[in-house]
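Enquirer: Residue 0 is where the sequence shown starts when you use numbering that gives the first Met the number 0, and the numbers rise one by one after that.
Every residue gets a Cβ at the ideal spot worked out from N, C-alpha and C, and that includes glycine.
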Amino acid sequence: MSNYRQQQLIAELETQVEHLLTKSIGEWQLVQHSQFALKPSADGWSANECLQHLNSYGRYYLPAIQKAIDKAASGSTENFYSGWLGNYFTKMMMPKENGSLATKMKSPKDHAPTKILESHQVIAEFIEQQEMLLKLLHSAKCFDLNKVKVGISLAPFIKLKLGDVFMFLIVHLIRHGQQADRALSQSGIATKRWPSVSFPLL
Numbered sequence: 000m001s002n003y004r005q006q007q008l009i010a011e012l013e014t015q016v017e018h019l020l021t022k023s024i025g026e027w028q029l030v031q032h033s034q035f036a037l038k039p040s041a042d043g044w045s046a047n048e049c050l051q052h053l054n055s056y057g058r059y060y061l062p063a064i065q066k067a068i069d070k071a072a073s074g075s076t077e078n079f080y081s082g083w084l085g086n087y088f089t090k091m092m093m094p095k096e097n098g099s100l101a102t103k104m105k106s107p108k109d110h111a112p113t114k115i116l117e118s119h120q121v122i123a124e125f126i127e128q129q130e131m132l133l134k135l136l137h138s139a140k141c142f143d144l145n146k147v148k149v150g151i152s153l154a155p156f157i158k159l160k161l162g163d164v165f166m167f168l169i170v171h172l173i174r175h176g177q178q179a180d181r182a183l184s185q186s187g188i189a190t191k192r193w194p195s196v197s198f199p200l201l
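1. Can you tell me where the beta strand (DSSP E) holding glycine 82 begins and where it ends?
2. Are the region 20-29 and the region 122-141 touching, with three or more C-beta to C-beta distances below 8 Å?
3. Taking the Cβ atom as the reference point for each residue, do valine 170 and threonine 89 lie within a distance shorter than 8 Å?
4. Taking all protein chains shown into account, decide if arginine 174 is buried (16 or more other Cβ within 10 angstroms of its Cβ) or exposed.
5. Flag this pair as yes or no: are the beta carbons of serine 81 and glycine 162 separated by less than 8 Å?
6. Report the rounded CA-to-CA distance for lysine 134 versus aspartate 69, giving the unit in angstroms.
7. Pull up the CB-CB distance for glycine 176 and leucine 19, whole angstroms please, since I reckon it's below 8 Å.
8. I think phenylalanine 77 touches glutamine 5, with their Cβ atoms under 8 Å apart; what is that distance to the nearest whole Å?
9. Pull up the CB-CB distance for valine 147 and alanine 71, whole angstroms please, since I reckon it's below 8 Å.
10. Closest by CA to glutamate 48, which one among Lys95, Leu183, Pro94?
11. If distances are taken between C-alpha atoms only, which option among Leu132, Ala63, Arg192, Phe79 comes closest to alanine 154?
12. Between the Cα of serine 55 and those of Leu116, Lys140, Gln34, Phe198, spot the shortest distance and give me the residue it belongs to.
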């Protein structure tokens, strides 16, 4: 397991989400639909499909997090102690420093895009979700991330600590956000460098 300073962890997660917002507003929104929806290969996802995949998870996790916070008793704590399952999910999802993936996984059918949607609508939903995620991170500063629990999308009866859900969710966003940028790069679109991810261990 990994242990973190709670407020420093939230601050780092906010930084990563703010970068996603800046990228989606300042870069992705400016790309034409035909380029944003272009597949890099026959079996590779386009940037459009990467964001559809992320939006599908956001539709589950953001309301679930809000509901968990609404039901929780307020009261922050100094340290967050990652659970073994949450820590496993986060490390499994985390891209390497060079952006390559340590572990490749097949997307669950419920979260796999089945067709290309209008790119600006996909990006608009993504932006709205990141704005909501920032609000949830801000609200979470007043709660103990060890005690608030959220069910995972594959099996809602399996509940993870809120801190683990935030970390897994945001690392997942980074993983597929970088994948979207790689797809755009292969279609000739220049993209800006991603910041490194550094969660503050105790």
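Expert: Quick look at the numbers:
1. Position 83 of the sequence shown, counting from 1, holds the residue named residue 82. Run containing glycine 82: none; DSSP gives neither H nor E here.
2. yes
3. In the sequence shown, the residue the question calls residue 170 occupies position 171. In the sequence shown, the residue the question calls residue 89 occupies position 90. It is a contact, given that the beta carbons lie within the stated cut-off.
4. Reading the sequence shown from its first residue, position 175 is the one you call residue 174. That one is buried.
5. Taking the first residue of the sequence shown as 1, we reach residue 81 at position 82. Taking the first residue of the sequence shown as 1, we reach residue 162 at position 163. Yes, the pair counts as a contact, with Cβ atoms nearer than the cut-off.
6. Numbered from 1 along the sequence shown, position 135 holds the residue referred to as residue 134. Numbered from 1 along the sequence shown, position 70 holds the residue referred to as residue 69. Going from the Cα of lysine 134 to the Cα of aspartate 69 covers about 13 Å.
7. Working through the sequence shown from its first residue, we reach residue 176 at position 177. Working through the sequence shown from its first residue, we reach residue 19 at position 20. The pair is a contact, with the Cβ atoms about 6 Å apart (cut-off 8 Å).
8. One-based indexing of the sequence shown puts residue 77 at position 78. One-based indexing of the sequence shown puts residue 5 at position 6. For the sequence presented, residue 77 should be read as glutamate rather than phenylalanine. About 6 Å; that satisfies the 8 Å criterion.
9. Counted from its first residue, the sequence shown places residue 147 at position 148. Counted from its first residue, the sequence shown places residue 71 at position 72. With a Cβ gap of about 5 Å, valine 147 and alanine 71 count as contacting.
10. Position 49 of the sequence shown, counting from 1, holds the residue named residue 48. With distances taken between Cα atoms, glutamate 48 lies closest to Leu183.
11. By one-based count along the sequence shown, residue 154 stands at place 155. It is Ala63.
12. Residue mapping note: residue 55 aligns to position 56 of the sequence shown, counting from 1. Measuring from the Cα of serine 55, the nearest candidate turns out to be Leu116.
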